[in-house]
Each structure stands twice: as C-alpha cells, then as structure tokens.
Amino acid sequence: MLKTLGRKWREKIEFGIFTLPVLICIAVAFYIPFAMTIRYSMTKWNGISKHPKFVGLDNFKQIFTGDTNFSDSAWFTIKYAVLYIILVNVLAILLAVLLDMKLKTTSWLRAAFFIPYILSLVIVGFIWKFIFMQGFNSLGESTGWDIFGLSWLGTPGLAFISILGVSIWQSVGFYLVIYIAGLQSVPEDLKEAATVDGAGPLRRFFSITLPLLAPSITISVFMALTNSIKVFDVILSLTGGGPGGTTYSIAYDIYRDTFQNNLYGYGTAKALILFLAVLVVTIIQLTFFKRREVEA
14 MLKTLGRKWR EKIEFGIFTL PVLICIAVAF YIPFAMTIRY SMTKWNGISK
64 HPKFVGLDNF KQIFTGDTNF SDSAWFTIKY AVLYIILVNV LAILLAVLLD
114 MKLKTTSWLR AAFFIPYILS LVIVGFIWKF IFMQGFNSLG ESTGWDIFGL
164 SWLGTPGLAF ISILGVSIWQ SVGFYLVIYI AGLQSVPEDL KEAATVDGAG
214 PLRRFFSITL PLLAPSITIS VFMALTNSIK VFDVILSLTG GGPGGTTYSI
264 AYDIYRDTFQ NNLYGYGTAK ALILFLAVLV VTIIQLTFFK RREVEA
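Residue numbers for the sequence shown follow our numbering, beginning at 14 and rising by one.
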C-alpha cells in the first residue's frame, strides 16, 4: 500500500517536473501578455510613458459610439470574410475535383497552384501592385481592352476586388491540398455503387462526395474564417488602406492607431475586441459544422 502511494506521488512529481517548463513558456508567451492586454486596454497610453493613465471602459465606449473608422473597417472585414470564405472554398473544391482525376499534368498543376501559398502575402501584394500599376497599363496598350485601363487600386470598389482576388489567388492552393486529401479518402465502392444505380456525375458529387468532404470543409472554413478576419498584410502592401481609407480592415485599423498614431491603449482595446470576435465566431462555426459532420 505504502509502495503504491509512493510510486503514485513519484509519478506526479516527475510529471510536474517535465510539464513545468512547458507551462512557464505558455504563461510567458500567452497568458501574461493577454493579462497585460486587458490592463492596457483600460488605459490611455502612448507606448512611451512609464505610467499609463487608467480610463476604465472609456476606450470601449469610444470605439462603439464615436469611432467611424472602426465601424467602417468592421464592415469591410465582414464583407471580405464572407466573400473570401465562399469563393476560396468553392474554387478549391472545384479544382480539387478536377485535379483528383487521372491526368498526366496533375502533379504539375498541383504544384503550380500551391507555389503562391509559399510566398508571403506581403511579397505577393507588392508583386500584384506592380502588375496592377505597370503590367496592366502595358497590356492595355497592346490589346486595347478597356478592362486593363481601369484604376484597380485607385477606385474603392475595384480596390476591394483586387485585395480579394489577390488573397484568393495566393491561398487557394492550401485549401486545394486539404480537399484533395479529403477526396482521396472517399471510398471508391460507394461511387461505383451509385454509378450502378444510375446516378450521374452531379448526383454522385452532391449525394456522396460532398457529404463525405464534411471534415475537410470544416477545417477549410475554419482556416479561411480566421485568416480573413485577421487580414492585414496584403492590404498593407497592396493598397496601404487606400483609396481614402476605404480598404481598412480591423487589423489594419488597429495597426494604424497603435503604431502610427501612438494610441497604444486605444489600439489594445480594439485588439481585444477583435480577439473576442474571432473566438466567438470560430466557436459558432466549429459547433455548426461539427454537427453537419455527424449528420453526414
């Protein structure tokens, strides 16, 4: 009995010794900064002074009542997130179905679609900025097509389309890989049985393939949702928030207030709101799609 208790305590002590460094790292990297974020969100601080001024919930009141930049950037982020999630997943599923076929160039096409994802969105943004400003002018002069003469980064509506298109072009390869892996896990005997029963390609896709892709859809929608709500780097390099601040996302608005206007306390309050919004939305999304997986 005593030996058993001694062994259990020894195992608990060993477990504590091995897990303590990990817990310390997690606390230093996440919990302590998060607690400091909550503290600074209730202060008026320029990031330099040693004694931030405590203002309570005044920052949050100003954000929700008098900050039009925040409301405009929130609306931009919502539009961007909805369109990005729908378009990138639909396009990735269609491409995955095509590239799952036995084609001679399948391997090359998969690599071609995935290569842009390796590049940073900052680099991609600068590349496409050059294309929109210089490459399209040259194409317009050589082809005479009016579409190349449009101000893709100087008009609010076209700038939004440009950001959305560049983001999808850069990231579709990542979601493509997820859906290809999901398609390869679909049992072939189910497809063959459906074919014998007279089901056509579309019926097989919507009745068998798509329901069995539910786990892949859950992962892809989750990744697309979190990435789109936090969109920042492509805006920074492609439009810089222009024209006239019409392409500010919430993350870019936080960056502008914090690092350009030196409103560290105010920007921290916005960052905390963004964190809570991402947390709530992702929990709802995962709960909904997990239920769909069970039904499928």
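Beta carbons are placed, not taken as given, at the ideal position from N, Cα and C, and that holds for glycine.
Beta-carbon proximity list for residue i, same chain, < 8 Å, skipping 5 on both sides
i: Asn102; result: Tyr188, Ile230, Ser233, Val234 and Ala237
i: Ser175; result: Trp141, Phe145, Trp165, Leu166, Leu251 and Thr252
i: Val190; result: Arg123 and Phe127
i: Gln298; result: Val234, Phe235 and Leu238
i: Gly60; result: Thr271, Asn275 and Tyr277
i: Arg23; result: none
i: Glu308; result: Reliability of the predicted coordinates at Glu308 is poor, the pLDDT of 47 falling under 50, and no value is obtained from them.
i: Phe173; result: Phe89, Lys92, Tyr93, Thr259 and Thr260
i: Ser220; result: Ala207 and Ala212
i: Thr81; result: none
Supposed contact pair residue j and residue i - C-beta distance, whole angstroms, cut 8 Å
i: Trp141; j: Val179; result: 5 Å
i: Ala264; j: Leu287; result: 7 Å
i: Pro256; j: Thr168; result: 7 Å
i: Leu100; j: Ile181; result: 6 Å
i: Lys66; j: Thr56; result: 6 Å
Straight-line Cα distance separating residue j from residue i
i: Val294; j: Thr300; result: 10 Å
i: Phe218; j: Arg304; result: 21 Å
i: Ser184; j: Leu215; result: 26 Å
i: Arg123; j: Ile26; result: 50 Å
i: Asp85; j: Asn72; result: 17 Å
i: Leu163; j: Ala125; result: 28 Å
i: Pro46; j: Lys117; result: 51 Å
i: Ile160; j: Phe143; result: 16 Å
i: Gly211; j: Glu205; result: 10 Å
i: Gly69; j: Tyr44; result: 21 Å
i: Thr78; j: Asn240; result: 27 Å
i: Phe83; j: Met49; result: 22 Å
i: Gly157; j: Ile131; result: 34 Å
i: Phe302; j: Arg20; result: 44 Å
i: Gln197; j: Ile296; result: 28 Å
i: Thr222; j: Ile39; result: 40 Å
i: Leu104; j: Lys115; result: 19 Å
i: Ile37; j: Phe31; result: 11 Å
i: Gln273; j: Val41; result: 27 Å
i: Lys74; j: Ile248; result: 27 Å
i: Ile51; j: Ile106; result: 40 Å
i: Gly148; j: Asp113; result: 33 Å
i: Leu33; j: Glu201; result: 48 Å
i: Trp121; j: Ser151; result: 29 Å
CB contact flag (residue i, residue j, <8 Å)
i: Trp58; j: Gly278; result: yes
i: Leu226; j: Tyr192; result: yes
i: Leu134; j: Asp246; result: yes
i: Ser54; j: Leu285; result: yes
i: Ile76; j: Ala282; result: yes
i: Arg242; j: Val209; result: Going by the sequence as given, residue 242 is Ile instead of Arg. Contact flag unset, no.
i: Pro228; j: Gly254; result: no
i: Gly186; j: Pro129; result: yes
Neighbourhood of residue i by C-beta, 6 Å cutoff - its chain only, sequence neighbours within 5 removed
i: Gly280; result: Ile267, Asp270 and Thr271
i: Val137; result: Gln183
i: Phe139; result: Ser250
i: Gly153; result: Phe161 and Gly162
i: Leu108; result: Leu189
i: Leu203; result: Ile221
Chain-order list of residues whose beta-carbon lies under 7 Å from that of residue i (same chain, five-residue window excluded)
i: Leu96; result: Leu177
i: Gly29; result: none
i: Leu171; result: Leu163, Ser164 and Trp165
i: Ile98; result: Val234, Ala237, Leu238 and Ser241
Cβ of residue i within 8 Å of any chain B Cβ
i: Ser86; result: Although the question refers to chain B, the structure presented lacks it and comprises just one protein chain.
In the stretch 50-101, which residue ranges form an unbroken alpha helix (DSSP H) of at least 4 residues, counting only runs that do not cross its ends?
-> 71-79
Alpha helix (DSSP H) runs wholly inside the stretch 98-166, at least 4 long, in chain order = 119-131, 134-143 and 149-156
Alpha helix (DSSP H) runs wholly inside the stretch 198-231, at least 4 long, in chain order = 201-209 and 214-217
Ordered list of alpha helix (DSSP H) runs contained in the stretch 250-292, each at least 4 residues = 263-268
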